[in-house]
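Participant: In terms of the working numbering, the sequence shown is numbered consecutively and its last residue is 479. Pasting in a structure now, in structure tokens, and then I'll have a few things to ask.
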Amino acid sequence: MSADGGDPFDSLPAAIAADVLGRVADGADIAACRLASRAFLAASYACSRVRLRAAALARRRSVALAGGGGGGPPGGSAIRAAAGNAASLLGPHLRSLELDASEGWGHPDDATWVEEGEFDEGGDLHLTAREAVVAWADTAAGNALREVDVADYWPQSCWRKAEALPVISHFCHSLLKLRLKNAWLSVDGLKIMPNLTHLTLEFIRLDDEDLNKLNECFPCLQILNLIGVGGLKDPKIHLHQLKTCHWEVSNVPRSLTIRAPNLVRLELKCVRPDMLILDTPSMFTLKLTVDKLGPNVQADGLVSLKNLWIESLDLKSLLQVFAENHDITTLELELPTSTNKYELFEAVKPEYLLQLFAGISEVKLAPRFSCEMTHCLMLCTSNQFRSCLRRLLFHLPPLKDVPHLAPLFNNCAPSCEVTILFHADSSNDIRQAATSVWTLRYPGIRWQWGTWN
27 MSADGGDPFD
37 SLPAAIAADV
47 LGRVADGADI
57 AACRLASRAF
67 LAASYACSRV
77 RLRAAALARR
87 RSVALAGGGG
97 GGPPGGSAIR
107 AAAGNAASLL
117 GPHLRSLELD
127 ASEGWGHPDD
137 ATWVEEGEFD
147 EGGDLHLTAR
157 EAVVAWADTA
167 AGNALREVDV
177 ADYWPQSCWR
187 KAEALPVISH
197 FCHSLLKLRL
207 KNAWLSVDGL
217 KIMPNLTHLT
227 LEFIRLDDED
237 LNKLNECFPC
247 LQILNLIGVG
257 GLKDPKIHLH
267 QLKTCHWEVS
277 NVPRSLTIRA
287 PNLVRLELKC
297 VRPDMLILDT
307 PSMFTLKLTV
317 DKLGPNVQAD
327 GLVSLKNLWI
337 ESLDLKSLLQ
347 VFAENHDITT
357 LELELPTSTN
367 KYELFEAVKP
377 EYLLQLFAGI
387 SEVKLAPRFS
397 CEMTHCLMLC
407 TSNQFRSCLR
417 RLLFHLPPLK
427 DVPHLAPLFN
437 NCAPSCEVTI
447 LFHADSSNDI
457 RQAATSVWTL
467 RYPGIRWQWG
477 TWN
């Protein structure tokens, strides 16, 4: 409190007070600040960031109204009204708007599998519907917004095609970042958004089966995240300014194509595309999660590839395509969760892996891969390779005895740094025995020890 008992925040410059509220962002917290301080009340009209959550609005309403908030989905129409009011109130000051009605529905099923009897007939939480988006986009805030994040309520959005994208493209001309989650999106009437550099579509059914509209209307994207986007047939990403892409394919399209001359990092998760085309000459880091590589792969445009991460049982095919003919400096390998100890040996022989490791500077073997590799090394018949391996990371499974890892350690170059992570369930006696045996047998290796769970 100030000396005269007045508002302790009166001396705070208005710009700083507005910045504080912008960092708070949560609508309920901003409302509490408005009630607590005249300075914050005045500054709230220039707040730059607002985050509204349906659950929080529902809780506030249930406290305010005797007998609770009534029936219906959580939040009711309150979040729609609050979004429109905030946009109208803040107008050109608003830079970031986040609306969340997802309520933990997280990973929706494909809308085509939802039975009609399971539909939620209400529409008051359908935040990607035209009227819901217009409520905040068609205000003075629409053209001022730089970031928009909308997570819809899946039981209402899964079976209603929404016009969020066309409406946003019509009103939000200054938008830089856009994230939409849990919706069925139309692209009819979508306009070019030349300022948009970040786009995330998460758990989306998209009526753009080949991604033609996405390429046409978002030409300046630098970061693209497509997480569980369904409705794709032969999707092609063709974006000249794209630098980072994270693509988790939710269905099984016949082909996947990425043509992006400035793409530096790609994280791709898919099942088995018949055709995979990567024309990405600047790509430095590639992270692949693939069930099985299809017969038609065109990956000639990978001249800059240095870092490779693979999670798959189809290792031989993937390593031949992406590792053998490229100057890989860092290789990370993991196995699917369902892999048993026989499948890795059937998929790829340990001698092939050791020879491949010998030509790479740094190898990181993730927990499941390391555990199965431990079994495979006992069957290894040849391990004498001229090696340039300088750093190795290996996760040991729970141990009852010192494992046979000689073929792997023999493959390390002089002065190689080897990090061994013991499983937390391994006894101290086993740890001491293993460290003693290995340090004595391989004095040229620089050892580091740790624990994993």
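The beta-carbon is built from N, C-alpha and C at its ideal position, and this holds for glycine as well.
(1) Where are the beta strand (DSSP E) runs, 3 residues long or more, that stay fully inside the stretch 263 to 302, in chain order?
(2) Could you give the distance in angstroms between the alpha-carbon of ASP164 and the alpha-carbon of ALA286?
(3) Per DSSP, what are the beta-bridge partners of PHE420 in this structure?
(4) For LYS207, count neighbouring Cβ atoms within 10 angstroms of its own Cβ and tell me buried if that reaches 16, exposed if not.
(5) According to the neighbour-count rule (16 or more other Cβ atoms, all chains shown, within 10 Å of its Cβ), is MET404 buried or exposed?
(6) I'd like to check one pair, LEU191 with LEU171: are the Cβ atoms closer than 9 Å?
(7) CB LEU153 to CB ALA112, shorter than 9 Å?
(8) Using a Cβ-Cβ cutoff of less than 6 Å, which residues in the same chain neighbour VAL561 once the five nearest sequence positions on both sides are dropped?
(9) Would you call the CB atoms of THR356 and LEU339 closer than 9 Å?
(10) By the 10 Å Cβ neighbour count, where 16 or more other Cβ atoms means buried, how is ASN241 classified, buried or exposed?
(11) To which residues does DSSP link SER122 through a beta bridge?
(12) Please check the pair PRO440 and PRO376, which I expect to be a contact at CB under 8 Å, by giving their CB distance rounded to whole angstroms.
(13) How is GLY132 classed by DSSP in three states: helix, strand or coil?
(14) Looking at the unbroken beta strand (DSSP E) that takes in PHE229, where does it start and where does it end?
(15) What does the Cβ neighbour count give for ARG472, buried or exposed, with the cut at 16 atoms within 10 Å?
(16) Per DSSP, PHE322 is paired with what?
(17) Take CYS397 and list the residues in its own chain whose beta-carbon comes closer than 6 Å to its own, dropping the five residues that flank it on each side.
(18) Quick check: does the Cβ of LEU120 come within less than 8 Å of any heavy atom belonging to the ligand GDP?
(19) Leaving aside the five residues before and after ARG186 along the sequence, list all residues of the same chain whose C-beta is less than 7 Å from its C-beta, in chain order.
(20) Keeping to the same chain, check which residues put their C-beta closer than 6 Å to that of ASP175; ignore five residues upstream and five downstream.
(21) If you count every other CB in all the chains shown that lies within 10 Å of the CB of ALA108, and 16 or more means buried, which is it?
(22) Can you find the residues in the same chain that come closer than 8 Å, C-beta to C-beta, to LEU344, ignoring five residues on each side of it along the sequence?
(23) To the nearest angstrom, report how far apart GLY470 and VAL463 are at their CA atoms.
(24) Could you give the residue range of the beta strand (DSSP E) that holds GLN248?
(25) What does the alpha-carbon distance come out to for the pair ASN251 and PHE371?
(26) Output the distance between the C-alpha atoms of ALA158 and GLY110, rounded to the nearest integer angstrom.
(27) GLY483 by DSSP, collapsed to three states: which one?
(28) How many Å lie between LEU201 and ASP178 at the Cα?
Facilitator: Quick answer:
(1) 270 to 275, 281 to 285 and 291 to 296
(2) In the sequence shown, counting from the first residue as 1, residue 164 sits at position 138. In the sequence shown, counting from the first residue as 1, residue 286 sits at position 260. Those two C-alpha atoms are separated by around 34 Å.
(3) Position 394 of the sequence shown holds residue 420. Its beta-bridge partners are LEU391 and ILE446.
(4) By one-based count along the sequence shown, residue 207 stands at place 181. So LYS207 ends up on the buried side.
(5) Within the sequence shown, the letter at position 378 stands for residue 404. Exposed, since its Cβ has fewer than 16 Cβ neighbours within 10 Å.
(6) Here residue 171 refers to the residue found at position 145 of the sequence shown. Here residue 191 refers to the residue found at position 165 of the sequence shown. No. Outside cutoff.
(7) As a first step, residue 153 must be located in the sequence shown, where it is residue number 127. As a first step, residue 112 must be located in the sequence shown, where it is residue number 86. Going by C-beta atoms, LEU153 is not nearer than 9 Å to ALA112.
(8) Since the displayed the chain opens at 27 and closes at 479, residue 561 lies outside it and no answer follows.
(9) Taking the first residue of the sequence shown as position 1, residue 356 is located at position 330. Taking the first residue of the sequence shown as position 1, residue 339 is located at position 313. Not in contact: THR356 and LEU339 (Cβ atoms no closer than 9 Å).
(10) Counted from its first residue, the sequence shown places residue 241 at position 215. Under this definition ASN241 is a buried residue.
(11) As a position in the sequence shown, residue 122 is number 96, starting the count at 1. SER122 is bridged to ARG75 and GLU173.
(12) By one-based count along the sequence shown, residue 440 stands at place 414. By one-based count along the sequence shown, residue 376 stands at place 350. No, PRO440 and PRO376 are not in contact; Cβ-Cβ is about 22 Å, not under 8 Å.
(13) In the sequence shown, the residue the question calls residue 132 occupies position 106. For GLY132, the predicted model reports a pLDDT of 41, less than 50, meaning its position is unreliable and no value from the coordinates is stated.
(14) Translated into the one-based positions of the sequence shown, residue 229 becomes position 203. Start and end: 224 to 232.
(15) To locate residue 472, count along the sequence shown from 1; it is residue 446. Result: exposed.
(16) Working through the sequence shown from its first residue, we reach residue 322 at position 296. Residue identity differs from the one stated: residue 322 is Asn in this sequence, not Phe. Paired residue(s): MET301.
(17) Reading the sequence shown from its first residue, position 371 is the one you call residue 397. Closer than 6 Å at the Cβ level, and outside the excluded window around CYS397, lie PRO423.
(18) The ligand GDP is not part of the structure shown, which contains no ligands of any sort.
(19) As a position in the sequence shown, residue 186 is number 160, starting the count at 1. Here the set comprises HIS152, ALA155 and TRP210.
(20) Here residue 175 refers to the residue found at position 149 when the sequence shown is read from its first residue. Within the same chain, ASP175 has close Cβ partners GLU124 and ARG205.
(21) Stepping through the sequence shown from its first residue, residue 108 is reached at position 82. Classification of ALA108: buried, given that the 10 Å Cβ count is 16 or more.
(22) Looking up residue 344 in the sequence shown gives position 318. Within the same chain, LEU344 has close Cβ partners LEU314, VAL316, LEU319, ILE336 and SER338.
(23) Working through the sequence shown from its first residue, we reach residue 470 at position 444. Working through the sequence shown from its first residue, we reach residue 463 at position 437. Rounded to the nearest angstrom, the two C-alpha atoms are 13 Å apart.
(24) Sequence index remark: in the sequence shown, residue 248 carries index 222 (1-based). From DSSP, GLN248 is part of no beta strand (DSSP E); its letter is neither H nor E.
(25) Counting from 1 along the sequence shown, the entry for residue 251 is found at position 225. Counting from 1 along the sequence shown, the entry for residue 371 is found at position 345. The straight-line gap from Cα to Cα measures roughly 34 Å.
(26) Residue 158 sits at position 132 when you count from the first residue of the sequence shown. Residue 110 sits at position 84 when you count from the first residue of the sequence shown. Distance between the alpha carbons of ALA158 and GLY110 is about 8 Å.
(27) This structure cannot settle anything about residue 483, because the visible part of the chain is limited to 27 through 479.
(28) Residue 201 sits at position 175 when you count from the first residue of the sequence shown. Residue 178 sits at position 152 when you count from the first residue of the sequence shown. Straight-line Cα distance between these residues: approximately 19 Å.
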